[in-house]
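Colleague: In the order they appear, the protein sequences are chains S and W. Quick note, the first sequence lines up with residues 0 to 514 if you use numbering that gives the first Met the number 0. Quick note, the second sequence lines up with residues 0 to 514 if you use numbering that gives the first Met the number 0. Supplied in structure tokens, the structure appears directly below.
2 protein chains.
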Amino acid sequence: MKKILVLLLFPIGLFAQPKAVQASRAWIQKEGPNILSTYAQLLSLPNHASDLVNIRKNADMIKDLFASRGFAMQLLELDGAPPIVYGERKVPNAQRTLCFYVHYDGQPVDPTTWKNAPFTPVLYDNAMYKGGKPIPFPKVGEPINEDWRIYARSASDDKAPIIALLAAIDALKASGISYTSNIKLFFDGEEESSSPNMKVYLEKYHTLFDDITLWLLCDGPVFQTGDPSLKFGGRGVTDMEITVYGASRPLHSGHYGNYAPDPGFMLSQLLASMKDANGRVVIDGYYDSVEPISAFEREQLKKVPNIEAYLKEDLQIDFTEGSGEPLFERLLLPSLTVKGLYSGNVGKLARNVIPNSAVAALSLRLVKGNDPEKMLDLVEAHIRKQGWHIVYQEPDKETRMKYPKIVKVEREKFGFPAAKVSMDHPAILPVIESVRSFTGDKLVLLPSEGGSNGIFTLIFDGLKKPGISVNMVNHDNNQHAEDENVRIGNIWYGVDLMSVLMTMPPQGLEKIKKK
Amino acid sequence: MKKILVLLLFPIGLFAQPKAVQASRAWIQKEGPNILSTYAQLLSLPNHASDLVNIRKNADMIKDLFASRGFAMQLLELDGAPPIVYGERKVPNAQRTLCFYVHYDGQPVDPTTWKNAPFTPVLYDNAMYKGGKPIPFPKVGEPINEDWRIYARSASDDKAPIIALLAAIDALKASGISYTSNIKLFFDGEEESSSPNMKVYLEKYHTLFDDITLWLLCDGPVFQTGDPSLKFGGRGVTDMEITVYGASRPLHSGHYGNYAPDPGFMLSQLLASMKDANGRVVIDGYYDSVEPISAFEREQLKKVPNIEAYLKEDLQIDFTEGSGEPLFERLLLPSLTVKGLYSGNVGKLARNVIPNSAVAALSLRLVKGNDPEKMLDLVEAHIRKQGWHIVYQEPDKETRMKYPKIVKVEREKFGFPAAKVSMDHPAILPVIESVRSFTGDKLVLLPSEGGSNGIFTLIFDGLKKPGISVNMVNHDNNQHAEDENVRIGNIWYGVDLMSVLMTMPPQGLEKIKKK
């Protein structure tokens, strides 16, 4: 049972390469070592959003790198927040304005768990888990293997698109290829801290964003098989915590067992009523507001490589929720999962008590059409239908003595809806066509990520602009964890990708629709 | 809604007092201050079982107190264990041998939570929670109020029967009343640590116990109303911990929610299948082995004061498991309760994951007829019937990929069955009659405690001897907690009780059966 898929290098070169890709490859061939050297410098700057001194060093370096390449750069500022590194370059007669979103901050690090210091980039001749060993960075003229990896915090998440953009700019310039769109750059400095100031930034500096035709969200890995991917949105998210009450104090399980209310059981009963054995949510109306995906999207979904066998081995599971649909179909529906259960104690700490309460933390992931508040309302309505009395704070004695089944509901206040752009949106189709022009049918188009990205929502719902997630880094990059890394071949793919995106033709709708 | 029952002083004196009670009362009247003074000395000795130096001081003092009153005393010893203080006094022509079980060790103390030092006994003019204030211990000749309380660790649990026995011995001697039974004394030194050596002690010294007709287990409080009580056994107990598995690692709730197995939900579903909405266990055969109680016991149960309104206010509940039966009826059935639930995190620690497992700790309290192993077998059979694959250790990858629903079962190895003697056992009826002779119909007879007492089981099942729980201390004694106390009136009742038990007539069966 060794079905683990290997990282496939998608077949660059099987097609007649667009000029932009030819330019990219020529530049990489010549300047590869310099690209990696610049990247190592950028990766050596610590970049947690709370470290305002170092985060500004990152911002300044990025600003200078793009300014020296002819971009009009500025730092957008809010008190106490990491700056947004903003840039633009206008092109005569451009028919659109693209904005590349990247974040330059990274997850916090625990150096004790890293093989090397997180901000001392080290080149390896393969992934560590494949037996890779450290090697020196190459000198100009030395060959570079695409399976090499750079280990450092943010090597993949999310400084990689920055180095790809820089190299693409240089490559296009070296080959004398002009941009076909106005280019804007938006480098977020606190994405890994949930971009708490993003909304205010977008409002304060909205005049900079009004003319953007399409946001290109450069974050996240390519498909699990190693195939290139584009994603057209993410699910929304909200939460609910429910606390079920027994007696007003924990009771001796002998003196009161078989008499006193048993919160652990009662909570189980309530949760069990919410889904059927296949994991289908049986709360009334839970799936009613789901916007169906288009026929075009349905068609693309059929082309997504089947990785079910890989997933089942990777996750070590036999059962999946639903009726056997693959992962990417299931992500097109809202989910309801238990994030946490707590009551009394288990294991060595278990005591002979009937606990006085039991708590469940629920996660709701939402798809297009689901309103976060209305979805929580549906869950509440279901709870009431099961005979529960809902309270929103600790029940008092009178309430406790009045109702047989009492549950406290705590609703998430900061949920947000799904953000998804239709795959056949006119601003999107040229992207698909251009990327496909050099990746071929290996390109995986995913209608929605399973995860939730507040940036998508702020752009799609707040700015009323379309966006798309363009991915470049390897999926086995240890994102957020120790020994984060990027595969060199994926940086090169990123340079191709950025080159193509900056030079994509305005047309494309008809060609794509025919496929 | 102020229905909280007050401690009723049961009506000593409404009946023609037995001679033994007359002797007890006369002694208390004369020697009350000395009884309390001796008791304060005994309570000043720290008595946690692990403190072998102090526990021996307790043992020596108790041995000396009884030896000076003509009992043949000895310390039964096992290496590293607190000694059993054993004593006996033979009576010519006695028709039975009674053995008084008491424990002289106490729960550990956290002095920072106590109003006074736990081993500095302080007399109060009422319960603290009723506004009682500290007062000096009385001098000989000064009156004593029955509502006074002594605060100290083990004041109720369980040194009170020791001082009651001592005073009863003195009282009977002063009035020239002879014992009607051989008397044995068995003072346990590690009950609050679960008497781990009890079985070995009983085996090693079994010749001392072979001739015992009836064990009188002097521990635990009187009925919640303050009415006197006798209890005829306790429930058995066993446990099971079940762990339900999802994927082999916690998963992002967005990337996999609606696809990956959801252990919190699956566990809820499994638990919910075990009981109906009224708390009736629906596991096949769960109630089949329950031995019915006798008609005589059923009759006595009807006389138990109804404290349902009190319990519902005390516990702040509207719902109880079952179909509205009172607590003491419900304790005659096996229970199945959730002691603990654990999966992922709730509250501020909740993260956006689908945890990889969910755990429930279950408590089973057993009644006469239930075999602990067979009851766990029934639960396992139920789990299988729900479609689960049971493992007894962490499942390996192959197992995980083979079965859709996997649960690890961890069975308690040290469960024990219920121990209960029939209320109309010939050795028991004289006890009932004698106690009733001075308490009247206020005496509450409970077929079984809800809790579990390994001592009962060792005596009933191990030694094949009958026993009965005779109670003297107030139920609001803060047993096991800070500010443990005993009400003086309950000590006096204890002296009456011990005096009556040591002098009870051999007959009694006929009288009781007529009631």
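C-beta: ideal position from N, C-alpha, C; glycine also.
What are the residues of the segment 248-266 of chain W that lie near chain S, defined by any Cβ-Cβ distance shorter than 8 Å?
Modeller: Answer in chain order: ARG248, LEU250, HIS251, SER252, GLY253, HIS254, TYR255, GLY256, ASN257, TYR258, ALA259, PRO260, ASP261, PRO262, GLY263, PHE264 and LEU266.
Colleague: As a quick exercise: from W:PRO91, W:GLY346 and W:ILE487, pick the residue whose alpha carbon is nearest that of PHE240 of chain S.
Modeller: Here residue 240 of chain S turns out to be Glu, not Phe, going by the sequence shown. Among W:PRO91, W:GLY346 and W:ILE487, the Cα nearest to that of GLU240 of chain S is on W:GLY346.
Colleague: Rounded to the nearest angstrom, what separates ILE487 of chain S and ALA154 of chain S at their Cα positions?
Modeller: A direct Cα-to-Cα measurement between ILE487 of chain S and ALA154 of chain S gives close to 10 Å.
Colleague: Beta-carbon separation of ALA276 of chain W and ALA151 of chain W under 9 Å?
Modeller: no
Colleague: Output needed in chain order: residues of the segment 403-427 of chain S with a Cβ under 7 Å from some Cβ in chain W.
Modeller: PRO403 and LYS404
Colleague: Who are the Cβ neighbours of LEU260 of chain S in its own chain at under 7 Å, not counting the five residues just before and after it?
Modeller: Here the sequence assigns Pro to residue 260 of chain S, which means Leu is not the residue at that position. Only GLY245 and ALA246 meet the Cβ criterion.
Colleague: Take ASP515 of chain W and list the residues in its own chain whose beta-carbon comes closer than 8 Å to its own, dropping the five residues that flank it on each side.
Modeller: Here chain W has residues from 0 to 514 only, and residue 515 of chain W is not among them.
Colleague: Is ARG88 of chain W helix, strand or coil when you go by DSSP?
Modeller: strand
Colleague: For the pair the segment 357-366 of chain S and the segment 327-338 of chain S, tell me if three or more CB-CB distances fall below 8 Å.
Modeller: yes
Colleague: What does ASN344 of chain W reach in chain S if we use C-beta pairs closer than 9 Å?
Modeller: LYS338, GLY339, TYR341 and ALA360
Colleague: Quick check on this structure: which residue in W:GLU141, W:VAL20 and W:ASN196 has the alpha carbon closest to the alpha carbon of SER49 of chain W?
Modeller: W:ASN196
Colleague: Looking at the unbroken alpha helix (DSSP H) that takes in TRP214 of chain S, where does it start and where does it end?
Modeller: No alpha helix (DSSP H) holds TRP214 of chain S; the beta strand (DSSP E) holding it covers 213-217.
Colleague: To which residues does DSSP link ASP187 of chain W through a beta bridge?
Modeller: DSSP output for ASP187 of chain W lists W:HIS102 as bridge partner(s).
Colleague: Mind listing which residues of the segment 476-504 of chain S have their C-beta closer than 9 Å to chain W's C-betas, in chain order?
Modeller: none
Colleague: If the criterion is Cβ atoms closer than 9 Å, does the pair GLY105 of chain W and ARG88 of chain W meet it?
Modeller: no
Colleague: I'd like to know if PHE118 of chain S contacts chain W, where contact means its C-beta is closer than 9 Å to some C-beta of that chain.
Modeller: Judged by the 9 Å Cβ criterion, PHE118 of chain S is not in contact with chain W.
Colleague: Give a single yes or no on whether LEU331 of chain S has its beta carbon closer than 8 Å to a heavy atom of the ligand COA.
Modeller: For the structure depicted, the ligand COA is absent and the ligand set is empty, with no information on it obtainable.
Colleague: Taking DSSP as the reference, what is the three-state secondary structure of PRO17 of chain S?
Modeller: coil
Colleague: Assuming GLY131 of chain S is part of the alpha helix (DSSP H), what are its boundary residues?
Modeller: Neither: GLY131 of chain S is in no alpha helix (DSSP H) and is coded neither H nor E.
Colleague: Let me make sure I understand the geometry here. Which of S:GLY219, S:LYS412 and S:ASP283 has the alpha-carbon closest to that of ILE467 of chain S?
Modeller: S:GLY219
Colleague: Bridge partners of SER362 of chain W, per DSSP?
Modeller: W:ASP238 and W:THR336
Colleague: In terms of DSSP beta bridges, what is TYR123 of chain W paired with?
Modeller: W:PRO133 and W:ARG148
Colleague: Using the three-state DSSP reduction, which class does ARG220 of chain S fall into: helix, strand or coil?
Modeller: According to the sequence displayed, residue 220 of chain S carries Pro and not Arg. In this structure, PRO220 of chain S counts as strand in the three-state DSSP scheme.
Colleague: What is the rounded straight-line gap between the Cα of ASP63 of chain W and the Cα of TYR492 of chain W?
Modeller: 24 Å
Colleague: Please tell me whether VAL236 of chain S has its Cβ less than 9 Å away from any Cβ of chain W.
Modeller: yes
Colleague: I need the straight-line Cα distance from GLU448 of chain S to PRO81 of chain S, nearest angstrom please.
Modeller: 27 Å
Colleague: Going by C-alpha to C-alpha distance, which of W:LEU361, W:ARG234 and W:GLU191 sits closest to SER267 of chain S?
Modeller: W:LEU361
Colleague: Taking 9 Å as the threshold (beta carbon to beta carbon), is GLY140 of chain S in contact with chain W?
Modeller: no
Colleague: With a Cβ-Cβ cutoff of 9 Å, do LEU442 of chain W and ALA359 of chain W count as a contact?
Modeller: no
Colleague: Within 10 Å of its beta-carbon, does ASP395 of chain S have 16 or more other beta-carbons around it, so buried, or fewer, so exposed?
Modeller: exposed
Colleague: Assuming GLU202 of chain S is part of the alpha helix (DSSP H), what are its boundary residues?
Modeller: 197-203
Colleague: Using only CA atoms, which one of W:ALA480, W:GLN478, W:VAL469 and W:ASN476 lies nearest to VAL523 of chain W?
Modeller: Nothing about residue 523 of chain W can be read from this structure; chain W reaches only from 0 to 514.
Colleague: Quick check on this structure: which residue in S:LYS404, S:LEU310 and S:HIS251 has the alpha carbon closest to the alpha carbon of LYS338 of chain W?
Modeller: Checking every option, the nearest Cα to that of LYS338 of chain W belongs to S:HIS251.
Colleague: Measuring straight from C-alpha to C-alpha, what distance separates THR212 of chain S and VAL90 of chain S?
Modeller: 14 Å
Colleague: State buried or exposed for ASP157 of chain S, treating a residue as buried only when at least 16 other CB atoms are found within 10 Å of its CB.
Modeller: Burial is judged here by how many other beta carbons sit within 10 angstroms of a residue's own beta carbon; ASP157 of chain S has at least 16 and is buried.
Colleague: Measure the C-alpha to C-alpha separation of ASN452 of chain W and GLY321 of chain W and round it to an integer number of angstroms.
Modeller: CA-CA distance, ASN452 of chain W to GLY321 of chain W, rounds to 24 Å.
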